[in-house]
Amino acid sequence: MSPKIIPITSDDFEFVEDQLDDYNIKSKPLTQPKPFVGWRYAIKDGDQIIAGIMGYSSYYRIGYLDTLWVDPRYRRQGLGRALLQQIEHNLHDYGCQVIHLETFDFQGPEFYAANGYTQFGDLYYPNADLHELYFQKTFAE
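In the numbering used here, the protein residues as written are 457 to 597.
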């Protein structure tokens, strides 16, 4: 046999992810009922979605904020804060003690600082003159 690297489909890659999940769970049993529990919310104005958020808990009640977007015409009206508080509430109630996220330097990192998040990392991409910033928030017990 001669192993070789080949491109695979998304369906084939699910097999790879399933194998990693199995390994992780065998190595350290889950502290939540299933590996991924997520929440998605949107705010609508009429029929139009003007803001949305997605967060999730992974494996060991590790909280992630994955996506937060507010239409530019509706920014600075508290919509982002309301969505963020909703996800934080879900994660805290689910038993997550920490939530973390990554954002680019042009995506308003001051918003997260103003909402109690602490920056713990900064990854610079010189070819794009871009910083990817990492934030975390620990929930009070």
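Glycine included, each C-beta is placed from N, C-alpha and C at the ideal position. The structure presented is a predicted model; accordingly, all values stated were derived computationally and were not measured.
Next on the checklist: Considering only DSSP beta bridges, list what Lys593 is partnered with.
Outcome noted: Numbered from its first residue, the sequence shown carries residue 593 at position 137. DSSP lists Ile555 as partners of Lys593.
Next on the checklist: I'd like to know whether the C-beta atoms of Ala507 and Asp527 end up nearer to each other than 8 Å.
Outcome noted: Walking along the sequence shown from the start, residue 507 turns up at place 51. Walking along the sequence shown from the start, residue 527 turns up at place 71. Yes, these two residues count as a Cβ contact at 8 Å.
Item to check | Contact belief for Leu586 with Phe560 at Cβ below 8 Å, rounded distance in angstroms | outcome: Indexing the sequence shown from 1 puts residue 586 at position 130. Indexing the sequence shown from 1 puts residue 560 at position 104. With 8 Å as the limit, Leu586 and Phe560 qualify as a contact, their Cβ atoms being about 6 Å apart.
Checklist entry - What's the C-alpha gap between Pro565 and Tyr512? => result Working through the sequence shown from its first residue, we reach residue 565 at position 109. Working through the sequence shown from its first residue, we reach residue 512 at position 56. Their backbone Cα atoms lie some 20 Å apart in a straight line.
Next on the checklist: For a quick check, are the C-beta atoms of His548 and Phe492 less than 8 Å apart?
Outcome noted: Locating residue 548 in the sequence shown gives position 92, where the first residue counts as 1. Locating residue 492 in the sequence shown gives position 36, where the first residue counts as 1. Against a cut-off of 8 Å, the Cβ pair of Phe492 and His548 comes out as no contact.
Item to check | Spatial neighbours of Pro489 in its chain, beta-carbon cut-off 7 Å, leaving aside the 5 residues before and after | outcome: Taking the sequence shown and counting its residues from 1, the one referred to as residue 489 is at position 33. Around Pro489: no qualifying Cβ.
Next on the checklist: Would Phe591 and His545 qualify as a contact pair, given that the criterion is a beta-carbon distance under 8 Å?
Outcome noted: Stepping through the sequence shown from its first residue, residue 591 is reached at position 135. Stepping through the sequence shown from its first residue, residue 545 is reached at position 89. No, Cβ-Cβ distance for Phe591 and His545 is not below 8 Å.
Checklist entry - With 16 as the cutoff for other CB atoms within 10 Å, does Gly551 come out buried or exposed? => result Position 95 of the sequence shown, counted from the first residue, corresponds to residue 551. It is exposed - the Cβ of Gly551 has fewer than 16 other Cβ atoms within 10 Å.
Next on the checklist: Using a 10 Å radius around the Cβ and a threshold of 16 neighbouring Cβ atoms, would you call Lys484 buried or exposed?
Outcome noted: The residue given as residue 484 occupies position 28 in the sequence shown. So Lys484 ends up on the exposed side.
Checklist entry - CB Thr487 to CB Tyr520, shorter than 8 Å? => result In the sequence shown, the residue the question calls residue 487 occupies position 31. In the sequence shown, the residue the question calls residue 520 occupies position 64. No, the pair does not count as a contact, with Cβ atoms beyond the cut-off.
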